[in-house]
Each structure stands twice: as structure tokens, then as C-alpha cells.
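For reference, the structure discussed in these notes is given below.
Residue numbers (my numbering): 276 to 945.
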């Protein structure tokens with residue numbers, strides 16, 4: 276029982292009984308009771324309640340239509356602490372509260388919002404809708420190229436693959452128009468006059484939330500402004516938006532972590548993305564597990580695992596994927612002539628060294644490292660796994676295949692899978708393989724180009740030969756092409772070994788009836804046959820794919836068929852590369868024996884690369900006060916190459932593979 280006094284000094288009592296089956300208006304004694312609790316309304320008759328304990332509503336001003344349902348239980352407040360559901364010191368304008376919530380100390384007001392069970396809103400400034408909103412769905416961004424040359428409309432169901440074909444296949448106007456119609460229809464279906472704060476979301480010390488949708492279990496804490504944005508979140512994979520963040524005209528997917536004064540405008544933030552430390556981002560798409568700190572992104576297509584952590588790093592007008600930016604990485608997209616129309620493309624797995632600079636337009640091949648400044652328009656797309664270095668005055672030197680078998684490449688392949696922060700359904704369908712038909716076909720082409728260059732050399736004494744806008748060291752051509760050759764053969768042999776282990780009948784492997792797709796592409800982290808992607812585009816153009824579900828499903832089918840299509844490619848390439856019409860046991864045994872030799876060679880290259888990290892030059896910062904103990908000090912903090920955990924694992928994997936191959940050779944020989 277609650278005992279209180281009216282202004283006349285006459286005692287009155289209020290009892291809460293949970294008995295309402297439908298929403299109802301307040302009774303006269305209930306209105307009087309709310310007034311005694313410090314509540315105000317100019318239209319009490321517009322307030323509807325259902326099983327509401329009025330003792331839990333204090334110092335609240337009501338305007339417009341108000342509905343409150345089930346305000347009588349507890350709300351999880353902090354760790355295991357629960358507090359009574361209540362509304363205190365707030366102004367509510369046209370609000371529907373559907374369940375037990377804790378709303379306390381609202382500086383201005385909450386207007387035109389539906390608030391679900393378990394929500395906490397405390398010390399907030401203003402949370403309101405202004406007209407209709409699609410909550411960021413349908414906002415047009417400009418990734419890769421400033422302006423609208425490669426624009427992509429964002430929406431909740433967007434993934435890196437849809438965005439890729441919209442941005443990169445601009446010559447397919449009908450396809451783009453049809454996808455935009457799908458997105459527009461989706462945005463229209465999400466356009467509402469009321470915003471939502473869904474169950475168990477927490478909004479603490481937020482200054483402004485306007486025209487935004489907050490999903491279950493999201494935490495909005497100490498933020499500055501969220502405007503025209505959707506925050507996707509789940510119990511298993513909650514999103515967190517933290518201190519001083521400004522977030523406008525954007526979509527944020529589940530598992531995102533955005534803190535420390537990050538400023539985001541017109542952006543798509545994918546699953547598991549982490550942004551902080553004053554990072555700024557505009558007109559960009561950041562897909563699964565990207566990370567951004569300190570620096571700036573402008574007009575960027577950041578494919579999965581794009582990472583930039585350093586101050587003075589600017590990523591502008593380009594495509595990246597599985598990328599790591601060195602400190603002070605920079606590019607130019609503006610020649611101060613016709614405008615900022617230039618843009619670049621760095622394929623998956625690239626890195627830049629500190630203070631690297633690239634003049635756009637340029638196209639950097641997969642898994643390449645860029646060091647120094649490059650003032651010519653560079654195209655290394657035919658040479659994956661390369662180093663692109665500055666040489667002399669404004670010259671670019673290409674060192675093909677230098678990244679192959681390096682310790683860094685081996686670590687990368689393992690760490691990406693281990694660092695996947697996504698939980699539950701995953702929107703971006705990622706093929707993590709470093710070696711795939713996509714990269715290996717490029718290596719085959721690079722091998723051919725290098726062999727042709729060797730044939731065309733007239734003067735062996737020339738130190739460097741010119742290739743496009745780059746130079747390549749003449750004396751190392753054999754080494755470069757040999758590295759590609761080893762990597763190609765290792766991949767094909769490894770895959771053959773895998774297929775033999777999985778199959779009971781060798782004929783099933785080699786009499787493959789699936790279609791052979793020669794050309795492959797990387798579509799925002801999804802590796803697939805180009806012909807199959809073209810089929811998807813054709814189906815979009817012909818309106819056979821005309822809704823979100825079918826659009827997403829078309830890429831799921833590409834993803835699910837990757838292994839089957841890869842197998843057909845591998846078997847056909849084995850026949851073509853080794854000039855084999857029929858693959859029998861003798862041929863297999865011969866290939867497996869060659870594979871043993873290649874494994875040994877590749878491990879030797881790998882281990883030489885590892886030992887560079889342990890030579891005397893790397894010890895100069897050890898033994899500072901006594902150089903006689905320099906090596907001892909170094910070993911104390913780094914150990915030796917032989918006892919490095921990653922090296923041990925790599926060596927054990929190679930030894931296991933050698934053992935398995937020897938067993939298989941013996942088995943096939945019998």
C-alpha cells in the first residue's frame with residue numbers, strides 16, 4: 276500500500292493489483308495519485324496503462340499519447356543487481372513503454388519512441404524522432420571514389436559482396452539500378468514515424484539520439500550524438516557505442532565496438548568492427564572484423580579485416596581487404612585538375628610500411644607489401660605476393676614473389692580465422708584461403724610473364740629491366756619465377772593429397788564431371804568463379820533476383836559451392852600444367868615424391884626468413900649497458916628461432932605432412 280496526501284491534506288491510499296487484461300485510461304484517483312508523485316499532464320485522458328504500478332512513476336511530465344504496459348517488475352541494472360522498474364524525472368511525448376523499464380533523469384525529453392522490456396535509459400539528454408526515418412537504410416555512400424562514381428546505398432542486409440558488385444561493376448547499369456530498387460524498397464518498408472529501443476538495451480549518459488533504431492542488448496554509453504542510424508545487436512553478439520562518439524546516417528551491425536570520440540558519417544559498419552581513439556570515417560564501407568584507430572578513412576571500401584591503427588594514416592578513395600596499414604600511410608586521389616576522381620585498388624592481403632605513399636590510380640596485387648613512396652601509376656595486379664619498394668629517385672621497384680613462404684604470410688592465414696569476432700549468422704561470406712584458384716591463377720600468369728621477360732632480354736649485363744612503370748632486377752628473374760613455380764606446385768599437390776584422403780575411389784577424383792571455371796575473382800572476401808558471378812549479375816538484370824532474400828541467397832550459393840568449383844579447377848590445372856591426359860597411380864606417386872622435395876625447399880625458405888628475425892642486427896637494442904651480454908639479453912626476451920612456438924608448429928605441420936605422404940606413397944605402391 277502507498278499512503279500519500281492530497282493538497283487539501285486529506286490522506287488517500289493507492290493499491291496496485293495486477294488485473295488489467297487490456298489497456299485502459301487512468302482513473303480519477305490514479306490521476307490524483309500521479310499528481311501527488313510530482314507528475315504533470317495537460318491531457319491525462321490520453322494516457323493508457325496496463326498492469327502499471329503507479330508508485331514507480333515520479334516527477335514525470337506527459338505530453339500526447341502515452342501507453343505503458345507491465346511496469347511492475349524488476350530490471351537488471353548492473354551485474355547481478357536488479358532494481359525496480361520505474362520512470363523518474365523524465366518528459367515523455369507520444370511514447371509507448373512495453374514492459375519493465377528503468378528510465379531515470381532525462382535532461383530534455385523522449386519523443387515518439389517505443390521502448391521495450393528490460394531497457395535502461397539513464398541521464399540521457401534527448402531521444403526523439405523528427406518526422407519519418409528509415410534509420411540509415413537507403414543512405415547513399417561514396418566508397419572507393421569521391422562523389423557518386425561508385426556510390427553504394429547502405430541497408431541492414433548489405434554485405435561486402437553486394438556492395439562490391441554495385442561499386443565495381445558500374446558498367447552494369449541495369450544490375451545496379453535493380454539492386455538500388457531492392458534497397459529502396461527495403462528502406463521504404465523500414466520507414467517509420469516511431470523509433471524503437473528494443474529489449475535490454477542500455478542508454479547511459481547519451482546526449483542526443485535522434486531518428487535512430489537501437490537493437491536488443493546494445494549499450495549506448497556517454498555518446499555525443501546518434502542520428503539517422505540503426506544499431507544492430509543481439510544477446511550473443513551485442514554492440515557497444517561509447518564515449519563521445521558521433522554517428523550519423525549509418526548502419527552498425529552486431530558486435531561492433533565504437534568508442535573514444537570516433538566520428539562516423541555516412542558509413543556501413545560491419546559485424547565485429549572495432550573503432551576508437553579519435554578515428555574518423557566518412558562515405559565508407561567497413562566490413563567484418565575491420566579495425567580503425569587514430570587515423571582517417573574517406574571514401575573507402577574496407578573489405579573484411581582491413582586494419583589501420585596509427586596516427587597520420589589516411590586511407591582515401593580505394594579498396595582494401597585483409598589489409599594492414601603502416602603508420603603515416605597516405606595516398607593521393609586529386610591532381611587538382613578535374614577533381615578528386617582518381618582511386619586505387621589494393622587486393623586482399625596487402626600491407627604498407629611506415630610513411631608509404633601511393634599515387635592513385637594504382638592497382639596492387641594480392642598479398643603484396645608496399646614500402647616507400649610511389650609517384651607513378653603502378654599496376655602489380657599480375658604479381659601477387661610481391662614487394663613494391665621505392666628505388667632511387669621516384670622509381671618503383673617490383674620484387675615478385677618475395678612474400679611467398681615468409682613467416683608473416685603463414686601467421687596471417689592463421690590469425691584471420693582466430694580473430695573472427697562474429698557470433699551467429701555471418702553476413703560476409705569469407706573464403707580465408709591465402710592460396711586459391713584466385714591467387715594461384717595470378718601466380719601462373721606471373722610465372723609466364725617472367726619467363727617471357729627472360730627470353731626477351733638481349734643484354735644480360737643490364738641490372739634492371741623496365742616493366743610498365745616499374746623496374747625488376749634482371750639477375751633475380753630466375754629466382755622470382757622459381758618461387759612462383761614452387762608455390763603453384765605445392766598448392767596443386769596439397770589439394771590432390773587432400774582429395775585422395777577424402778575419397779575411397781581415385782576415379783571419383785579424376786573423372787570430375789563438374790564444370791571447369793578458369794577465371795576467378797575476389798568479391799569482397801568471397802572467392803568464386805567469374806562466370807558464376809556473371810550469372811548472378813545476369814539474374815539480377817533479368818529480375819530473376821528481385822528481392823533481398825534472393826539477392827543474399829545467390830551469394831550464399833557461390834560460397835557453398837566454392838570447394839566443389841575449386842576441386843574442378845585444381846584437377847584441370849594439374850592435367851594442363853603437367854601435360855597429363857590420364858591421372859593414374861604412377862603419376863600420383865611421382866607427384867607426391869616431387870611434393871616431398873618442394874616441402875623441404877619451402878620450409879628452408881621459410882626458416883631462412885625466420886632466422887633474419889634472430890640475427891645480430893636484430894639484437895642491437897639489447898644488452899644496453901653491457902654489449903657482452905647482448906645475445907644473452909636477446910635470448911631472454913625473444914628466445915631462439917628453434918624454440919619459437921609458431922616455428923615449432925609450422926615445422927611439426929610440415930613433418931606430419933611428409934609422414935602422411937610417405938605412408939600414402941607406400942599404400943599406393945602396394
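Glycine included, each C-beta is placed from N, C-alpha and C at the ideal position.
In the DSSP assignment, what are the bridge partners of residue i?
i, result
"residue 551", "568"
"residue 764", "In the DSSP output, where bridge partners are listed per residue, residue 764 has none listed."
"residue 543", "526, 560"
"residue 609", "Answer is none; residue 609 lacks a bridge partner."
"residue 879", "Partner(s): none; residue 879 has no beta bridge."
"residue 814", "Per DSSP, none; premise fails for residue 814."
"residue 621", "639"
"residue 470", "388"
"residue 797", "802"
"residue 532", "515, 549"
Taking DSSP as the reference, what is the three-state secondary structure of residue i?
i, result
"residue 420", "coil"
"residue 590", "strand"
"residue 967", "With the chain covering 276 to 945 only, the question about residue 967 has no answer from this structure."
"residue 629", "coil"
"residue 369", "strand"
"residue 384", "strand"
"residue 681", "coil"
"residue 595", "strand"
"residue 427", "strand"
"residue 389", "strand"
"residue 707", "coil"
"residue 442", "helix"
"residue 316", "strand"
"residue 844", "helix"
"residue 286", "Low local confidence applies: a pLDDT of 46 at residue 286 is under 50, so the model's placement there is unreliable, and no value is given."
"residue 459", "helix"
"residue 301", "coil"
"residue 604", "coil"
"residue 364", "strand"
"residue 742", "strand"
"residue 853", "coil"
"residue 870", "helix"
"residue 374", "coil"
State buried or exposed for residue i, treating a residue as buried only when at least 16 other CB atoms are found within 10 Å of its CB.
i, result
"residue 426", "buried"
"residue 449", "exposed"
"residue 824", "exposed"
"residue 525", "buried"
"residue 799", "buried"
"residue 941", "exposed"
"residue 669", "exposed"
"residue 765", "buried"
"residue 921", "exposed"
"residue 934", "exposed"
"residue 780", "exposed"
For residue i, I'd like the list of residues in its chain whose CB is within less than 6 Å of its CB, leaving aside the five on either flank, ordered along the chain.
i, result
"residue 483", "400, 401, 500"
"residue 567", "550, 554, 583"
"residue 681", "884"
"residue 515", "494, 532"
"residue 630", "603"
"residue 691", "580, 707"
If contacts are defined as beta-carbon pairs under 8 Å, then residue i and residue j qualify, I think. What distance do you get, rounded to the angstrom?
i, j, result
"residue 784", "residue 939", "No, residue 784 and residue 939 are not in contact; Cβ-Cβ is about 13 Å, not under 8 Å."
"residue 874", "residue 932", "6 Å"
"residue 453", "residue 821", "7 Å"
"residue 564", "residue 830", "Actually they are not in contact, since the Cβ atoms of residue 564 and residue 830 sit about 18 Å apart, beyond 8 Å."
"residue 665", "residue 647", "3 Å"
"residue 863", "residue 801", "The Cβ separation is near 32 Å, so there is no contact."
"residue 327", "residue 346", "4 Å"
"residue 593", "residue 618", "6 Å"
"residue 340", "residue 298", "So it is not a contact: roughly 11 Å between Cβ atoms."
Go through its chain and collect everything with a Cβ distance to residue i's Cβ below 8 Å, but skip five positions before and after it.
i, result
"residue 284", "Note that residue 284 scores 43 on pLDDT, short of 50, meaning its location in the model is unreliable and no value can be drawn from it."
"residue 915", "889"
Tell me which same chain residues have a C-beta within less than 7 Å of the C-beta of residue i, skipping the five on either side of it?
i, result
"residue 350", "357, 358, 360, 375, 376, 377, 393, 395"
"residue 866", "768, 771"
"residue 405", "485, 486"
"residue 462", "409, 412, 413, 430"
"residue 672", "664, 666, 745, 746"
"residue 929", "874, 878"
"residue 937", "none"
"residue 621", "593, 594, 595, 598, 639"
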